[in-house]
Amino acid sequence: MKITRIFAHRVELPLVEGCYRWSGGKSVSVFDSTIVGVETDTGLVGYGEVCPLGPFYLPAYAEGVRAGLRELGPHLLGFDPRELSRLNHRMDAALKGHPYVKSGIDIACWDILGKATGLPVCVLLGGRFGESVRLYRAISQESPEEMARKVSSYRAEGYTRFQLKVGGDPDLDIERIRAVRAMLLPSDRLVADANTGWTQHEAVRVVRAVRDVDVYIEQPCLTYEECLAVRRLTDHPFVLDENVDGLDMLLRAKSDLAMDVVNLKISKLGGLTKTRQARDLCVSMGIAMTLEDSWGGDITTAAIAHLAYSTPEEYRFTSTDFNSYVTVSTAIGAPQRQNGFMTTSAAPGLGVSPRFDVLGPRVVEVH
Ligand code: MG
């Protein structure tokens, strides 16, 4: 089997809530997503998706996905998409870095491998653990009262895990954490994700001020060293995200005992092949994970669901259903949340078919 064509469609994903805000005044109201297709000489076509969280979250931006596909695509024509390690080796040889560009192609090739073998991607990634995947809800940065109100309303929809966007004014963040925790049951999990937004002294103040509150602290500061310093001054469970972008940082953080949970995002690591490698290493090292991506719609949500399903339940801290945050459905067959959980289709591959009428014209075409 040979890759004969790589193409992409751009699609806008407006948010149901109108806007998503996080640390440092950053916000997005319409996500710019790229749906990637990989076509083969057998007629099988696989699909992937890459959707950066705006151009200011990770070193990634939406137009960069498309430019990167035009650069990388010609190097992959003629390759067998089922040989995932070989394909990734080729991608890394042809384009240094830019993991998010490679992610959509890698996901699409897993979809092809599933369709070619008649197996769902979760089975190919290791098997299906449990009946469903528990979801968290990210809560956009607002006033403490508004965030508490939203948590209460999402809780009524079945969510039991919440990730608060903090990383703003530390005094207000302390109020946000307290106001939201007060709405929850003891068994609910709350994460305060500062998304690198606090300086070290601010982070130390916040963790001291909420010492009596049951809350996880995620990525308080910009650098790994600052996060490690805060980690050593708090007894809250600790999550690293932005700093862990590959196996070297994962091993370093494990060695330093710098985290209890790590956030693995598919496009941050460069696709399902590399995320599976990191996931398997985390399972071997006993580190629980948030398994997700930077953002996306139906295809990203399907990829997350297959990745999470194939991870032992005790190591799945949370995942999220990005397709329920946006107003546009871009594919048929994607997971749909039910009472705070999602399941995958048992169909071969990712189990999704793009809605081309929603996607509009092709913006990348390599053949
Ligand atoms: Mg995070």
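Using our numbering, you'd call the opening residue of the sequence shown number 137 and step up by one each time.
We put the CB at the ideal spot given by N, CA and C, even for glycine.
With DSSP collapsed to three states, give me the class of P490. Here residue 490 refers to the residue found at position 354 of the sequence shown. In the displayed model, P490 falls within a strand according to three-state DSSP.
How many whole angstroms separate the CB atoms of V500 and R206, which I take to be in contact at a CB cut-off of 8 angstroms? Within the sequence shown, residue 500 is the residue found at index 364, counting from 1. Within the sequence shown, residue 206 is the residue found at index 70, counting from 1. In this structure V500 touches R206 by the C-beta definition: roughly 6 angstroms separates them, less than 8 angstroms.
When you compare the CB positions of L427 and L400, do they come within less than 8 angstroms of one another, or not? Residue numbering aside, residue 427 sits at position 291 when the sequence shown is read from its first letter. Residue numbering aside, residue 400 sits at position 264 when the sequence shown is read from its first letter. Contact: yes.
Distance CB(R270)-CB(I248) smaller than 8 angstroms: Along the sequence shown, read from residue 1 onward, the residue named residue 270 stands at position 134. Along the sequence shown, read from residue 1 onward, the residue named residue 248 stands at position 112. Not closer than 8 angstroms, so no.
DSSP beta-bridge partners of N399: For the purposes of this step, residue 399 is taken as residue 263 along the sequence shown, with counting starting at 1. Paired residue(s): T426.
Nearer than 7 angstroms: is that true of the beta carbon of Q132 relative to any heavy atom of ligand 1? Since the first and last residues shown for the chain are 137 and 503, residue 132 lies out of range.
Can you round the beta-carbon distance between K301 and R157 to whole angstroms, since I take them to be within the 8 angstroms contact cut? Counting from 1 along the sequence shown, the entry for residue 301 is found at position 165. Counting from 1 along the sequence shown, the entry for residue 157 is found at position 21. That pair is a contact at about 7 angstroms.
Pull the bridge partners of I353 from the DSSP assignment, please. Counted from its first residue, the sequence shown places residue 353 at position 217. For I353, which the question treats as bridged, DSSP gives the partners A328, F374.
heavy atom of ligand 1 below 7 angstroms from V355 C-beta: For the purposes of this step, residue 355 is taken as the residue at position 219 of the sequence shown. At residue 355 the sequence reads Gln, which differs from the Val that was named. Yes, the Cβ of Q355 comes within 7 angstroms of a heavy atom of ligand 1.
Note down the Cα distance separating K138 from S489, rounded to an integer number of angstroms. The residue given as residue 138 occupies position 2 in the sequence shown. The residue given as residue 489 occupies position 353 in the sequence shown. Cα to Cα, K138 sits roughly 21 angstroms from S489.
Using the three-state DSSP reduction, which class does K138 fall into: helix, strand or coil? By 1-based counting over the sequence shown, the position of residue 138 is 2. Three-state result, K138: coil.
Of the residues R367, C245, L189, M421, the one placed nearest V172, counting alpha carbons only: For the purposes of this step, residue 172 is identified with residue 36 of the sequence shown, where counting begins at 1. By alpha-carbon distance to V172, the top candidate from R367, C245, L189, M421 is C245.
Whose CA, out of P191, D216, V237, G179, lies closest to the CA of R202? On the sequence shown, residue 202 is found 66 positions in, with the first residue counted as 1. Measuring C-alpha to C-alpha distances from R202 to each of P191, D216, V237, G179 identifies V237 as the nearest.
For G432 versus F458, is the C-beta spacing smaller than 8 angstroms? Within the sequence shown, residue 432 is the residue found at index 296, counting from 1. Within the sequence shown, residue 458 is the residue found at index 322, counting from 1. Taking 8 angstroms as the Cβ cut-off, G432 and F458 qualify as a contacting pair.
The beta strand (DSSP E) that contains Q299, what's its start and end? Along the sequence shown, read from residue 1 onward, the residue named residue 299 stands at position 163. It spans 297-301 - the beta strand (DSSP E) in which Q299 sits, taken as one unbroken run.
Among the residues of its own chain, which have a CB less than 6 angstroms from the CB of V164, if the five just before and after it don't count? Against the sequence shown, residue 164 aligns to sequence position 28. Result list for V164: Y156, G190, in chain order.
Hey, out of M319, Q355, E362, D329, whose CA is closest to H337's CA? Here residue 337 corresponds to residue number 201 of the sequence shown, with the count starting at 1. Nearest Cα to H337 within the set M319, Q355, E362, D329: E362.
Hey, quick one: how far does the alpha helix (DSSP H) through T437 stretch, first residue to last? Taking the sequence shown and counting its residues from 1, one reaches residue 437 at position 301. 434-445 is the extent of the alpha helix (DSSP H) around T437.
Alpha carbons only, please: which of F265, V398, R141, D168 is nearest the one belonging to L149? For this step, residue 149 is matched to residue 13 along the sequence shown. The candidate whose alpha carbon is nearest that of L149 is D168.
Measure the CB-CB distance between V366 and M395 and report whether it falls below 8 angstroms. Working through the sequence shown from its first residue, we reach residue 366 at position 230. Working through the sequence shown from its first residue, we reach residue 395 at position 259. Not in contact: V366 and M395 (Cβ atoms no closer than 8 angstroms).
Could you tell me whether the stretch 462-470 touches the stretch 437-451, where touching means 3 or more Cβ pairs closer than 8 angstroms? Contact between the stretch 462-470 and the stretch 437-451 is present, because at least three Cβ pairs lie under 8 angstroms.
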